[in-house]
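Numbering (the UniProt record's numbering), first residue to last: 1 to 469.
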């Protein structure tokens, strides 16, 4: 979320906030910010009437207009990645009358202004966290490939993984000749300087505890930083605001090199990076590593005793909670919040979390944008470790609404009893239609009859008449 303009939100009379939605998580923050009677202003499409010269209605057309709507209700659509705010128009417009109803659709890369009579404390904090993810980042990862001149800087918070900067430098291909080697050295130096500038400008050094550099060229880059990168090569960059803090952290040991085998700069490589011993040791007490450690602990428990682990089934986990067998519950927070697509499934997940907390289990609600959330999503979005084995719960599956028949119900002995088969439909005699007759075969056309004239003298011997040459 990028803040374009902000009034004093702490003022008692309220104020306006203008932001640009940069990613899907910003839409969820906006959905929680908009309350009834707030004013929301953004661009939208509206059908307007076209009139002829006499003033009569001729046709309708869609126009791009900017409307200010007093919110009546809001809706979050997690599939389409939009927030819909419905209300009435409160600002004069050439195409829309005052008091006319309209629904605004706010999506990614949309500029929107929210005006409130009073901003609550938790709303101001939510805006600050969404606008500056680096302010609360405890782990920074720089994934690089020096041979291709690519680098990506990621900041990891408790809730999400956000791309902070991207570095792309064209590297020369021919490095055998003297001129090629010289140009390659110049391009490599330019690549290192851009990476240094990204670290100095995009990292909040007051909160970060570890900076992990991994990939091809990571070790050489850190060695360059400790020697010339923050020394004789600084030049005019020595006056930048983030350079003194960068120097302090490089000298203080906040940097580490890990994962030299990682060849990609995509954020999927962060899951491998967080399993590196050098990184795990440094971020062991941070909120970033808390969810990763919980997912790793589930994997270890599953390898030791599979009967003490359940995953993918809310019904099985609910039955385990009723038996007070839950020790640890892992669940995606997207299954719990109002953005869930299936309302019934959301209620089941909420009831499971409440039952697990009541039984004394430790509950981990994984943020959907966390680096470890994809691993839990592969397990079905829910997993749990049991206090004692429950083999009878391993085969319990969730009932799907479109499946035929009701779900299986547990009996008093704990075994799963199959539901009775559905009643057979009444037999109705129907006359069978006769199969269609095959089409009649067409008769072949008769061959033309050859007639020989016996009186005709062709000049040849009659013994050869009737032969074709």
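Think of the CB as a built atom: it goes at the ideal place given N, C-alpha and C, for glycine as much as any other residue. Every value quoted in this text rests on a predicted model; they were computed, and no experiment measured them.
> Hey, out of 255, 300 and 106, whose CA is closest to residue 279's CA?
Replying inline: Numbered from 1 along the chain shown, position 279 holds the residue referred to as residue 279. From the listed residues 255, 300 and 106, the smallest Cα separation to residue 279 is found for 255.
>> Quick check on residue 87: does DSSP put it in helix, strand or coil?
In response: By 1-based counting over the chain shown, the position of residue 87 is 87. Three-state result, residue 87: strand.
> Just the Cα atoms here: how many angstroms apart are residue 313 and residue 120?
Replying inline: For the purposes of this step, residue 313 is taken as residue 313 along the chain shown, with counting starting at 1. For the purposes of this step, residue 120 is taken as residue 120 along the chain shown, with counting starting at 1. Distance from the CA atom of residue 313 to the CA atom of residue 120, rounded to whole angstroms, is 38 Å.
> Can you tell which of 270, 243 and 244 has its C-alpha closest to the C-alpha of residue 213?
Replying inline: Taking the first residue of the chain shown as 1, we reach residue 213 at position 213. Of the residues 270, 243 and 244, the one whose Cα lies closest to the Cα of residue 213 is 270.
>> Quick check on this structure: which residue in 319, 318, 205 and 277 has the alpha carbon closest to the alpha carbon of residue 249?
In response: The residue you call residue 249 lines up with position 249 of the chain shown. Comparing Cα-Cα distances from residue 249 to each of 319, 318, 205 and 277, the minimum goes to 205.
>> Using only the alpha-carbon positions, how far apart do residue 227 and residue 191 sit?
In response: Locating residue 227 in the chain shown gives position 227, counting from the first residue. Locating residue 191 in the chain shown gives position 191, counting from the first residue. For residue 227 and residue 191, the distance between alpha carbons rounds to 16 Å.
> Below 7 Å between beta carbons: does that hold for residue 141 and residue 326?
Replying inline: For this step, residue 141 is matched to residue 141 along the chain shown. For this step, residue 326 is matched to residue 326 along the chain shown. The answer is no: Cβ separation not under 7 Å.
>> Tell me the DSSP secondary structure of residue 409 in three-state form.
In response: The residue labelled residue 409 in the question sits at position 409 within the chain shown. In this predicted model, residue 409 has a pLDDT of only 44, less than 50, meaning its place in the structure is not dependable enough to derive any value.
> Helix, strand or coil: how does DSSP classify residue 254 here?
Replying inline: Residue mapping note: residue 254 aligns to position 254 of the chain shown, counting from 1. Reduced to three states, the DSSP call for residue 254 is coil.
> Looking at C-alpha atoms only, which residue of 59, 231, 388 and 348 is the closest neighbour of residue 324?
Replying inline: Reading the chain shown from its first residue, position 324 is the one you call residue 324. Per the Cα distances, 388.
> So residue 25 packs on residue 100, CB below 8 Å; how close in whole Å?
Replying inline: Taking the first residue of the chain shown as position 1, residue 25 is located at position 25. Taking the first residue of the chain shown as position 1, residue 100 is located at position 100. Residue 25 to residue 100, Cβ: 32 Å. No contact.
> Across which residues does DSSP place residue 312 in a beta bridge pair?
Replying inline: For this step, residue 312 is matched to residue 312 along the chain shown. As computed with DSSP, residue 312 is found in no beta bridge at all.
> What does a CB cutoff of less than 6 Å around residue 183 pick up in its chain, not counting 5 residues either side in sequence?
Replying inline: The sequence position of residue 183 within the chain shown is 183, counting from 1. Answer for residue 183: 172, listed in chain order.
>> Let me check one thing: in DSSP terms, what residues is residue 105 bridge-paired to?
In response: One-based indexing of the chain shown puts residue 105 at position 105. Answer by DSSP bridge pairing, in chain order: 84.
> CB-CB under 8 Å to residue 320, same chain, minus the five flanking residues each way: which ones, in chain order?
Replying inline: Your numbering for residue 320 matches position 320 in the chain shown. Same-chain partners within the cutoff: 310, 326, 384, 386, 390 and 393.
>> I need the straight-line Cα distance from residue 361 to residue 153, nearest angstrom please.
In response: If you number the chain shown from 1, residue 361 lands on position 361. If you number the chain shown from 1, residue 153 lands on position 153. Cα to Cα, the separation comes out at about 36 Å.
> Is it right to say residue 381 is buried, meaning 16 or more other beta carbons lie within 10 angstroms of its own, or is it exposed?
Replying inline: Within the chain shown, numbered from 1, the residue matching residue 381 stands at position 381. Buried is the call here.
> Where do the ends of the alpha helix (DSSP H) carrying residue 324 lie?
Replying inline: Here residue 324 refers to the residue found at position 324 when the chain shown is read from its first residue. For residue 324, there is no enclosing alpha helix (DSSP H), as DSSP marks it with neither H nor E.
> Are the region 66 to 85 and the region 30 to 40 touching, with three or more C-beta to C-beta distances below 8 Å?
Replying inline: The region 66 to 85, when compared against the region 30 to 40, does touch it at the 8 Å Cβ threshold.
> Apart from the five residues on each side of it in sequence, which residues of its chain come closer than 6 Å, Cβ to Cβ, to residue 355?
Replying inline: Here residue 355 refers to the residue found at position 355 when the chain shown is read from its first residue. Within the same chain, residue 355 has close Cβ partners 321.
> Between 346, 34, 194 and 106, which lies nearest to residue 234 when the distance is taken from Cα to Cα?
Replying inline: On the chain shown, position 234 is the one that residue 234 refers to. Considering only alpha carbons, the answer is 194.
> How should residue 499 be labelled, buried or exposed, when 16 other C-beta atoms within 10 angstroms of its C-beta is the threshold for buried?
Replying inline: Since the displayed the chain opens at 1 and closes at 469, residue 499 lies outside it and no answer follows.
> Of the residues 36, 35 and 60, which one's Cα is nearest the Cα of residue 47?
Replying inline: Translated into the one-based positions of the chain shown, residue 47 becomes position 47. Looking at the Cα atoms, 60 is the closest of the given residues.
>> Out of 155, 186, 161 and 146, which one is the CA nearest neighbour of residue 168?
In response: Sequence index remark: in the chain shown, residue 168 carries index 168 (1-based). Between residue 168 and the set 155, 186, 161 and 146, the nearest pair of CA atoms involves 146.
>> To the nearest angstrom, how far is the alpha carbon of residue 359 from that of residue 328?
In response: For the purposes of this step, residue 359 is taken as the residue at position 359 of the chain shown. For the purposes of this step, residue 328 is taken as the residue at position 328 of the chain shown. So the two alpha carbons sit approximately 11 Å from each other.
>> What does DSSP give as the partner residue(s) for residue 111 in the beta ladder?
In response: Here the question's residue 111 lines up with position 111 in the chain shown. According to DSSP, residue 111 bridges with 20.
>> Checking 7 Å against the spacing of the C-beta atoms, do residue 93 and residue 102 come in under that value?
In response: Indexing the chain shown from 1 puts residue 93 at position 93. Indexing the chain shown from 1 puts residue 102 at position 102. No. Outside cutoff.
>> Tell me the residue span of the beta strand (DSSP E) that contains residue 162.
In response: Residue mapping note: residue 162 aligns to position 162 of the chain shown, counting from 1. Following the DSSP letters along the chain, one finds residue 162 inside the beta strand (DSSP E) bounded by residues 161 to 168.
> CB residue 138 to CB residue 50, shorter than 7 Å?
Replying inline: One-based indexing of the chain shown puts residue 138 at position 138. One-based indexing of the chain shown puts residue 50 at position 50. It is not a contact, given that the beta carbons lie outside the stated cut-off.
>> Quick test of your reading: residue 198 and residue 165, contact by CB under 8 Å. State the CB separation rounded to the nearest angstrom.
In response: Numbered from its first residue, the chain shown carries residue 198 at position 198. Numbered from its first residue, the chain shown carries residue 165 at position 165. Residue 198 to residue 165, Cβ: 4 Å. Contact.
> Which whole-angstrom value describes the C-beta separation of residue 366 and residue 291, a residue pair presumed to lie in contact below a C-beta threshold of 8 Å?
Replying inline: Stepping through the chain shown from its first residue, residue 366 is reached at position 366. Stepping through the chain shown from its first residue, residue 291 is reached at position 291. Contact flag correct, Cβ pair sits at about 5 Å.
> For residue 379, which of helix, strand or coil comes out of DSSP?
Replying inline: Taking the chain shown and counting its residues from 1, the one referred to as residue 379 is at position 379. The answer is coil: DSSP assigns residue 379 none of H, G, I, E or B.
>> Can you give me the C-alpha to C-alpha distance between residue 9 and residue 378, rounded to a whole angstrom?
In response: If you number the chain shown from 1, residue 9 lands on position 9. If you number the chain shown from 1, residue 378 lands on position 378. Rounded to whole angstroms, residue 9 to residue 378 spans 41 Å at the Cα level.
>> For residue 295 and residue 246, what's the separation of their Cα atoms in angstroms?
In response: On the chain shown, residue 295 is found 295 positions in, with the first residue counted as 1. On the chain shown, residue 246 is found 246 positions in, with the first residue counted as 1. Using only the alpha carbons, I get a separation of about 33 Å.
> Roughly how many angstroms separate the alpha carbons of residue 417 and residue 215, rounded to a whole number?
Replying inline: Position 417 of the chain shown holds residue 417. Position 215 of the chain shown holds residue 215. The predicted position of residue 417 is uncertain, since its pLDDT is 47 and thus under 50; a value taken from the coordinates is nonetheless stated next. About 54 Å.
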